[in-house]
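Novice: Just so we're aligned, residue 1 is where the sequence shown starts under the UniProt record's numbering, counting upward by one.
We put the CB at the ideal spot given by N, CA and C, even for glycine.
Model, not experiment: these values are computed from the prediction.
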Amino acid sequence: MSSDSLWKEATDGNGRVYYYHAKTGESRWEKPNELLSEQDLALAKFGWKSSRTTNGKLYYYNERTKESRWELPDLQKLEELQERKRERVESEPVEEGTKYNTEKYSNSSQILCVPKKPKDEAEKDFIEMLKDNQVDSTWSFSRIISELGSRDPRYWIVKDDPLYRQEIFEKYLTNRSEDQLLKEHMETNKFNEAFWKMLESKPQIHYYTRWPTVKRLIADEPIYKHSVVKESVKKRRFLEYVGRLRDKYNESQQQIKAKALQELQDYLENIISSTDYNNNSIPIIKWQTLLNSYLFDNNKRYMANKHFAILTHEDVLTEYLKIVGEVEKRMEKDLATLQKYNYTKDRKARDNFKHLLRSTNIEIRANNKWQDIYPLIKSDDGFLQMLGTGGSSPLDLFMDIVEEKRITLAAQRSIAQNLLIDKDFQWNEKDDSINRKAIKALLIVEKDFQSVDSRDIDLIIDQLMELRIERIKKQKELEERAFEERKHFYKLMLQRIYTNGRSKPDSFEVALKDIQHTREFIELPSDEIRRHLFDMFKPDVGPARGKPFAVSNVKKRQLTPNVDLDY
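1) Here's a check: name, in chain order, each residue in its chain whose Cβ is nearer than 8 Å to the Cβ of residue 293, leaving out the five neighbours to either side.
2) Cα separation between residue 285 and residue 266?
3) Measure the C-alpha to C-alpha separation of residue 76 and residue 83 and round it to an integer number of angstroms.
4) Using the Cα positions of residue 498 and residue 538, report the straight-line distance between them to the nearest angstrom.
5) Would you be able to state if there are at least three C-beta pairs under 8 Å between the segment 118 to 130 and the segment 162 to 179?
6) Using only CA atoms, which one of 484, 60 and 26 lies nearest to residue 573?
7) Return yes when the Cβ of residue 431 is within less than 8 Å of the Cβ of residue 390, no when it is not.
8) Looking at the unbroken beta strand (DSSP E) that takes in residue 11, where does it start and where does it end?
9) Cutting at 8 Å between CB atoms, please list the residues of its own chain near residue 503, excluding the five before and the five after it.
10) How should residue 386 be labelled, buried or exposed, when 16 other C-beta atoms within 10 angstroms of its C-beta is the threshold for buried?
11) Using DSSP with H/G/I as helix, E/B as strand and the rest coil, what is residue 196?
12) Going along the chain, which residues of its own chain have a beta-carbon closer than 7 Å to the beta-carbon of residue 7, five neighbours each way excluded?
13) Starting from residue 574, follow its DSSP beta bridges and name the residues at the other end.
14) Jot down the residue ranges of each uninterrupted alpha helix (DSSP H) in the segment 369 to 418, minimum 4 residues, whole runs only, in chain order.
15) Do you know whose CA, among 194, 370 and 320, lies nearest residue 400's CA?
16) Do the CB positions of residue 373 and residue 323 come within less than 8 Å of each other?
17) Could you name the residues of the same chain whose beta carbon sits closer than 6 Å to that of residue 566, not counting the 5 residues immediately before and after it, in chain order?
18) Decide if the segment 227 to 240 is in contact with the segment 140 to 152; the criterion is three or more beta carbon pairs, one per stretch, under 8 Å apart.
19) Under 8 Å between C-beta atoms, does residue 355 make it to chain B?
20) Applying the criterion that 16 or more other CB atoms from any shown protein chain within 10 Å of the CB defines a buried residue, is residue 510 buried or exposed?
21) Rounded to a whole number of angstroms, what is the C-alpha to C-alpha distance between residue 522 and residue 429?
22) Is the beta carbon of residue 264 closer than 8 Å to that of residue 319?
23) List the whole-angstrom C-beta distance separating residue 412 from residue 445, where the pair is believed to meet the contact cut-off of C-beta under 8 Å.
24) What ranges does the alpha helix (DSSP H) occupy inside the segment 487 to 529, keeping only unbroken runs of at least 4 residues that lie completely in it?
25) Who does residue 287 pair with in a DSSP beta bridge?
26) Which same chain residues, not among the five before or five after residue 204, have their C-beta less than 8 Å away from its C-beta?
27) So what's residue 467 in DSSP terms, helix, strand or just coil?
28) Along the alpha helix (DSSP H) that carries residue 352, what are the first and last residues, could you check?
29) Can you check DSSP and say which residues form a bridge with residue 60?
30) Quick check for students: name the residue ranges of the alpha helix (DSSP H) that lie wholly in the segment 194 to 268, counting only runs of 4 or more.
31) Spatial neighbours of residue 78 within its chain, please: CB distance less than 7 Å, with the 5 preceding and 5 following residues excluded, ordered by chain position.
32) In angstroms, rounded to a whole number, what distance separates the CA positions of residue 17 and residue 29?
33) Would you kindly check if the distance between the Cβ of residue 397 and the Cβ of residue 377 is under 8 Å?
34) Assess, as a yes-or-no matter, whether the segment 482 to 493 is touched by the segment 524 to 536 under the definition of 3 or more beta carbon pairs within less than 8 Å.
35) Compute the distance between the beta-carbons of residue 131 and residue 157, then report whether it is under 8 Å.
36) Does residue 570 pass the burial test, meaning 16 or more other C-beta atoms within 10 Å, or should it be called exposed?
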C-alpha cells in the first residue's frame, strides 16, 4: 500500500471535513500533501488552500492574507505578480536601518505572541486553562474555540491542530476528580440546559426522531460521552425535548389547519353563493356535485391554495356539513317566521268565515248539509280567504256549527219527550199528521220553547216521530224474536216427550193429554199454531237401548221484551 493511500477523508459530527492516517491514527484538519492535487500544490506556493463548508460547498482561502473566495484563483496572474515582485526586490538597493523601521508594525498581542513550549508543558497549560474557566462536560468543543480561543493565549500554546486540542479536552473530561464529578452531578439544571442546547444544535433531530438514532448522532458529544448523568436521565431529557418539538409541530399544524379551514369556509361560501339553485329543492349545492367539480384534484383553484394541502376529505366534509347545518337553521328560522305569519293569517280567515256562517244571511239548521249553503258562500271573500289555509277547513267549521245545533236540538227533544210523558200524550196510530199538529200545539205554549222558532220546532217533532217509529220497529222485532223462541221451545218439548220408543200419536187431539199441561204448550197463542207445529214435528229415531234422552236444566230467558223508556 502506498503512503498516499493511507490518508483518508472523514467528517465530524458538525459536518466538518478532517483527515486521518489509517496506520498511525494521526488526524489533522489540513489536507496532507500526499492527497494534494497538482492544482492544490500550485495554489499552495502562493498560500492558497481549498476547503469545504459544512454543507459541502468548495471555497478557497489564503493563509497569509486571510482572504477567502468562492472562485478558483488565477494561477497565471499569481505567477506574473510573484515574478514582478521578485524583479522589483532584486533591483532595489537594500537600505540600512530597515530592520529598525519594522518595529512600528509589530503586534504585542498575547494571542499572537504565544511562547513556544514543549508538548507536555503546552498540554498542562491547556488543561489548566480548562480548569480555570470551569469547563465541564456541558461544554462543547466549538464553545471552547469560540470563547477561549479569542481571549486566552493558552489555547494557542498547543500545536495548531484542532483535533489534538479536542483530544486534550476529552482527556481532561475523562480524568476529572471525584469532587468535580459530584459537583457536575448535582448541577442537574445546568446539564439539562446544556443538553438541550446541544440537541437544538442538531438539525437532524425532529419530533419523530427515536432515541437509538439520536444516540448514534451524539455519541461523540462530550456532554453525552463524559457526563455522569444516567442514561435514563439523558433519554428522559431527550423525550422531553422531542415532546416539545412535537408540541410546536402540532401547534404550527393546528395554526395552519385553522387558517386553511377559514379559507375553506370562505371558498365554499363563495361557491354556494355563486351557484344557481333554481332547479334545486334546497338552497345549497349537493356534496357529490361539490366533490366532482370544486374540490381536490378536480379544481385548479382549490389545488392552487397551498394551505388546502393539509386538509383531508373528512375535514372538507365536516366544514361542508357545518355550512349545511347553518343553512338548515336559517331555513328553519324562515319557516318558523312564515308559519307564524300564516298562523295569524289563517286564524283571521277562520274568524271571518265563522262570522260569515253565523251571519243573518245564512241560517244553519241541525239538518243542513254542505251543499245547502255552498251556493250562498262560494263567492264571498270570507270563504275565498279560507282556501289553502292550514288547520280546520270550511267544511270542518260548518260541521262544528251543525253539531252545535244538533246538540241543542237533542236537548230540546229530550225536554219535549219528558213533556209528552208528563202530559200522557196519546199517539194516533192511523194518522201521523194528527200527531204532528197535537205535539206542535203542546210545545208552542211551553215556556221552554218560547225562544225556539217554528222551523226548529218542526225539526224537534220530526225527531220525535222518527224515534217513535224506530221504537215501534224494535218492539216488533223483539216480539217476533220472542214468538220464534216459543215455537222453538215447543218443538223441543215434543222431542223430549216422544223419544226413546214412545211413538208420536196420529192426531193432535190424541196428543193433547200428553202436552197440554206443559209450559211450552200454554205460552203459544193459538191451537192453530200448536197443531201446525205438531203436524210438522218428526221425532228423532234413536238406538233401541241406551240412556234416556236428557234435557239439560237450562233456565229459560225472559220472553217478555224490554220496553224502552222515553226519558
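Specialist: This is what the structure gives:
1) Here the question's residue 293 lines up with position 293 in the sequence shown. Cβ neighbours of residue 293 beyond the five flanking positions: 299.
2) The residue you call residue 285 lines up with position 285 of the sequence shown. The residue you call residue 266 lines up with position 266 of the sequence shown. If you take the alpha carbons of residue 285 and residue 266, they lie about 15 Å apart.
3) Residue 76 sits at position 76 when you count from the first residue of the sequence shown. Residue 83 sits at position 83 when you count from the first residue of the sequence shown. If I take the Cα positions, the gap works out to 11 Å.
4) Here residue 498 refers to the residue found at position 498 of the sequence shown. Here residue 538 refers to the residue found at position 538 of the sequence shown. Using only the alpha carbons, I get a separation of about 9 Å.
5) yes
6) Any answer about residue 573 is impossible in this case: the structure gives the chain only from 1 up to 567.
7) Counted from its first residue, the sequence shown places residue 390 at position 390. Counted from its first residue, the sequence shown places residue 431 at position 431. Cβ atoms of residue 390 and residue 431: not closer than 8 Å.
8) For the purposes of this step, residue 11 is taken as the residue at position 11 of the sequence shown. Element bounds for residue 11: 7 to 11.
9) The residue given as residue 503 occupies position 503 in the sequence shown. Answer for residue 503: 539, listed in chain order.
10) The sequence position of residue 386 within the sequence shown is 386, counting from 1. Counting Cβ neighbours within 10 Å, residue 386 comes out buried, since at least 16 surround it.
11) What you label residue 196 is simply residue 196 of the sequence shown in a count that begins at 1. Of the three classes helix, strand and coil, the one that applies to residue 196 here is helix, per DSSP.
12) In the sequence shown, residue 7 corresponds to position 7, counting from 1. Answer for residue 7: 19, 21, 32, 34 and 35, listed in chain order.
13) Residue numbering for the chain in the displayed model covers 1 to 567; residue 574 lies beyond these limits and cannot be assessed.
14) 370 to 377 and 381 to 384
15) The residue you call residue 400 lines up with position 400 of the sequence shown. Here the closest residue by C-alpha is 370.
16) The count along the sequence shown starts at 1 and reaches residue 373 at position 373. The count along the sequence shown starts at 1 and reaches residue 323 at position 323. Result no, Cβ atoms of residue 373 and residue 323 do not sit closer than 8 Å.
17) Taking the first residue of the sequence shown as 1, we reach residue 566 at position 566. Caution applies to residue 566, whose pLDDT of 44 falls short of 50 and renders its modelled position unreliable; the value that the coordinates give is listed next. Within the same chain, and ignoring the five residues on either side of residue 566 in sequence, the residues whose Cβ sits closer than 6 Å to its Cβ are 417 and 421.
18) no
19) The structure shown has no chain B; it contains just one protein chain.
20) As a working note, residue 510 is residue 510 in the sequence shown. Burial call: exposed.
21) Taking the sequence shown and counting its residues from 1, the one referred to as residue 522 is at position 522. Taking the sequence shown and counting its residues from 1, the one referred to as residue 429 is at position 429. So the alpha carbons of these two residues sit roughly 30 Å apart.
22) By one-based count along the sequence shown, residue 319 stands at place 319. By one-based count along the sequence shown, residue 264 stands at place 264. Going by C-beta atoms, residue 319 is nearer than 8 Å to residue 264.
23) Within the sequence shown, residue 412 is the residue found at index 412, counting from 1. Within the sequence shown, residue 445 is the residue found at index 445, counting from 1. The Cβ separation is near 15 Å, so there is no contact.
24) 508 to 515 and 519 to 523
25) The sequence position of residue 287 within the sequence shown is 287, counting from 1. BP columns for residue 287 are empty, so no partner.
26) Counting from 1 along the sequence shown, the entry for residue 204 is found at position 204. Answer for residue 204: 217, listed in chain order.
27) As a working mapping, residue 467 is identified with position 467 in the sequence shown. Here residue 467 sits in helix by DSSP.
28) On the sequence shown, position 352 is the one that residue 352 refers to. Per DSSP, residue 352 belongs to the alpha helix (DSSP H) from 313 to 357.
29) In the sequence shown, residue 60 corresponds to position 60, counting from 1. Residue 60 pairs with 50 and 69.
30) 211 to 217 and 222 to 225
31) The residue you call residue 78 lines up with position 78 of the sequence shown. Excluding its 5 nearest sequence neighbours in each direction, residue 78 has C-beta neighbours in its own chain below 7 Å: 46, listed in chain order.
32) Residue numbering aside, residue 17 sits at position 17 when the sequence shown is read from its first letter. Residue numbering aside, residue 29 sits at position 29 when the sequence shown is read from its first letter. Rounded to whole angstroms, residue 17 to residue 29 spans 7 Å at the Cα level.
33) Locating residue 377 in the sequence shown gives position 377, where the first residue counts as 1. Locating residue 397 in the sequence shown gives position 397, where the first residue counts as 1. Cβ distance not < 8 Å, so residue 377 and residue 397 don't count as in contact.
34) yes
35) Within the sequence shown, residue 131 is the residue found at index 131, counting from 1. Within the sequence shown, residue 157 is the residue found at index 157, counting from 1. Residue 131 is not a Cβ neighbour of residue 157, given a cutoff of 8 Å.
36) Given that the chain is displayed from residue 1 to residue 567, the structure contains no residue 570 and the question cannot be resolved.
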